[in-house]
Each structure stands twice: as C-alpha cells, then as structure tokens.
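Undergrad:
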Amino acid sequence: MAWNIRELMKMCRFLLLAILFLPREVTSSVLTVNDRTENYILDTWLGSQESLKCAVQNHTREEELLWYREEGTVDLKSGNKINSSSVCVSSISEDDNGVTFTCKLQRNQSVSISVVLNVIFPPILSGDDFQTVEEGSDVKLVCNVRSNPQAQMMWHKNSDILNLEKNHQVHQTSESLQLSITKVKKSDNGTYSCVANSSLQMETKDFHLIVKDRAVTVPKEPIIAACIVVFLTLCFGLIARRKKIMKLCIKNEDPQRETAL
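Residue numbers (mature numbering (1 follows the signal peptide of the UniProt record, and there is no 0)): -28 to -1, 1 to 233.
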C-alpha cells in the first residue's frame, strides 16, 4: 500500500513538471516611441511637424502595430504596420494641444505606449467687438482666450487699467475673461481692452461699448384702460338717450310721408 502511494506521488510530480514546461506563448515584447520606453509628453510648436515612430523590442515573431489618436484609429499603409510603424503630425495647431497618440500591439492591446502633444502657442483672443446698449440695462463683455502656457488677463479702459466700480464685476476662467456691468451709465461708454500676457508675448483685443439714451416708452396699459372707459361711457350715454333719438328719427320720417301723398 505504501509503495502504491509513493508511485502515485512520483506520477503527480512528473505530470506537474510536464505541464509547467509545456510550450506556451509569452508576451515579452516591449514598445518604444522615438526610443522612449514609457509614456511621455512631447513639447511642440504651432505650425511644426512631429514624427512618432513606434517599434517592437524583444519580439520573437512578426508583430502588427496599431496607432490611435485619442479614441479613433489611425489609418496605416500595409508596409507601415509590422514591427515598426510611424505617424506624422503636420501643421500642428492649437487644437492639437493635449491630444494623445497611442501605439498598441494588435495581438495584445494591453501592451501600449502613449505620447501627449503639448503645443506651445501665444495668446489667441476672440469676442464680440461692438455692443450697443441702452442706459440702465445690463451688459457683459466676454474675451475668449486660448494660450499655452496660460496667460495672465486684465481689463483696460481707454488705454488705462480699468478701475472697477460698484456696478462692475470681473470673472476669469482658463478660457475667458468676462466683464459684467449692471445698470449701465453714460460714463461706462468707451473702449475696453482685454490684455493677455504670457511668457511668450502679450496680446490685446478691443471691445467697443456704446451706451445710448434710454428710449421713452409710452405706457400701454393706462391708454388701453382710458379707451375702454371712454367707449363704455359713450355706450351708456347712447342707451340712456335712446328714447329721444328714436322720437327724432320718427319726426324726421313724417314729413317725407306727407310729401309722398
């Protein structure tokens, strides 16, 4: 009985070793982009061109590669897929800032490496150049800004730094500088300049605010009410005098009858 147990234990060890040493596929391949082995940020400039080369290291067979721009796949030519693959990003614009390019193994997409574009550009300003408002109304001047690195923002009025009054309120985000003016006065009329200053350069955009006199409005409700009162008074007057009016109409008809006879 003991001998059978020893033989059984030997057979189990043998089977275990056989399973462990069975040939199996191991993903030991490593991806690089421009000879970098880890995800990284690529600094670049407006209008420039960048080439991203993905290569498979330690591969034991032909490996097909995939490229992604954010979540969408990049179309690759047939000769630009096996073991190494390149994509070219040309005419880089501010819209490419923060975009991620990712290279993956087609066979095992958990093996990947990513590059994030950091597009450096001076401030770009936009907004509604002219606004005309009536005195006493509210207005908002919105200066949209795109900049990398982020710019410092401020408002000027008629070439001087804007002195904020009680009816002025400034709100700034990473994408805009807003000036809200409540109950606009004639003194608010003028040219407001949005000034953006980054480490690259300073940009300015003018916003022209025209404050016109408040239009004189005639109240409609009192006029309508007065018209109704006059109409009802006439109606009541006619009803009260209807007997006299009827008698006059009858008298006017009698001479015509006598003449006809």
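We put the beta carbon where it would ideally sit given N, CA and C, even for glycine.
Hey, E35 and L77 are a contact pair by Cβ (cut 8 Å); roughly how many whole angstroms apart?
TA: Rounded, the Cβ-Cβ distance is 6 Å, consistent with contact.
Undergrad: Assuming I64 and T4 form a contact by the criterion Cβ under 8 Å, report the distance between their Cβ atoms to the nearest whole angstrom.
TA: At roughly 22 Å, the Cβ-Cβ gap does not stay under 8 Å, so I64 and T4 are not in contact.
Undergrad: Considering only their Cβ atoms, is the gap separating L151 from L89 smaller than 8 Å?
TA: Not a contact, by the Cβ cut-off of 8 Å.
Undergrad: Hey, how far is the Cα of R8 from the Cα of S170?
TA: Computed Cα separation, rounded: 31 Å.
Undergrad: Quick check: the stretch 19 to 37 against the stretch 96 to 106, are at least 3 beta-carbon pairs closer than 8 Å?
TA: In short, these stretches do not touch, since the Cβ pair count stays below three.
Undergrad: Quick one: Cα of A187 to Cα of D110, how far?
TA: Distance between the alpha carbons of A187 and D110: 15 Å.
Undergrad: Where does R79 land, buried or exposed, given buried means 16+ other C-beta within 10 angstroms?
TA: Exposed is the call here.
Undergrad: Using CA atoms only, rank isn't needed, just tell me which of M126, L181 and V61 is closest to S23.
TA: Among M126, L181 and V61, the Cα nearest to that of S23 belongs to V61.
Undergrad: Looking only at its own chain, which residues have a Cβ that is under 7 Å from the Cβ of L18, when we skip the five neighbours before and after it?
TA: So the list reads I64, S65, E66, V91 and F93, once near-sequence residues are dropped.
Undergrad: Using DSSP bridges, identify the partner residues of L38.
TA: L38 pairs with K76.
Undergrad: Which residue comes first and which comes last in the beta strand (DSSP E) that contains T32?
TA: Per DSSP, T32 belongs to no beta strand (DSSP E) and is neither H nor E.
Undergrad: Please report how far the alpha carbon of W127 lies from the alpha carbon of N161, in whole angstroms.
TA: Near 15 Å, if we compare the C-alpha coordinates of N161 and W127.
Undergrad: Beta-carbon separation of D68 and F179 under 8 Å?
TA: No, Cβ-Cβ distance for D68 and F179 is not below 8 Å.
Undergrad: Helix, strand or coil: how does DSSP classify G19 here?
TA: DSSP places G19 in coil when its eight states are reduced to three.
Undergrad: Using beta-carbon positions only, say whether N139 and T154 come within less than 8 Å of one another.
TA: For N139 and T154, yes; Cβs fall inside 8 Å.
Undergrad: Please tell me whether V117 and S148 are closer than 8 Å, where the distance is taken between their beta carbons.
TA: Yes; because the gap between Cβ atoms is below 8 Å, this pair is in contact.
Undergrad: Less than 7 Å between C-beta atoms, sequence neighbours within five positions excluded: which residues of the same chain meet that for K158?
TA: Answer for K158: E107 and V183, listed in chain order.
Undergrad: Would you identify the three-state DSSP class for I153, choosing helix, strand or coil?
TA: Here I153 sits in strand by DSSP.
Undergrad: What does a CB cutoff of less than 8 Å around N130 pick up in its chain, not counting 5 residues either side in sequence?
TA: Around N130: G162 and T163.
Undergrad: Are the Cβ atoms of S86 and N11 separated by less than 8 Å?
TA: Cβ atoms of S86 and N11: closer than 8 Å.
Undergrad: Under three-state DSSP, which class holds E66?
TA: Reduced to three states, the DSSP call for E66 is helix.
Undergrad: Going by the CB atoms, is the gap between L38 and T45 shorter than 8 Å?
TA: Their beta carbons are under 8 Å apart, which means T45 touches L38 by this criterion.
Undergrad: Kindly indicate the opening and closing residues of the beta strand (DSSP E) around D178.
TA: Here the beta strand (DSSP E) through D178 covers M174 to K184.
Undergrad: Just reading off the beta strand (DSSP E) that K112 is part of, what are its end residues?
TA: Counting along the chain, the beta strand (DSSP E) containing K112 begins and ends at V111 to N120.
Undergrad: Cα separation between S119 and T176?
TA: In a straight line, the C-alpha of S119 is about 13 Å away from that of T176.
Undergrad: Below 8 Å on the Cβ atoms is my contact criterion, and I expect Q144 with M125 to pass it. Report the Cβ-Cβ distance as a whole number of Å.
TA: Indeed, because the Cβ distance is near 6 Å, the residues count as touching under 8 Å.
Undergrad: Report buried or exposed for P121, applying the criterion of at least 16 other Cβ atoms within 10 angstroms of its Cβ.
TA: P121 should be labelled exposed.
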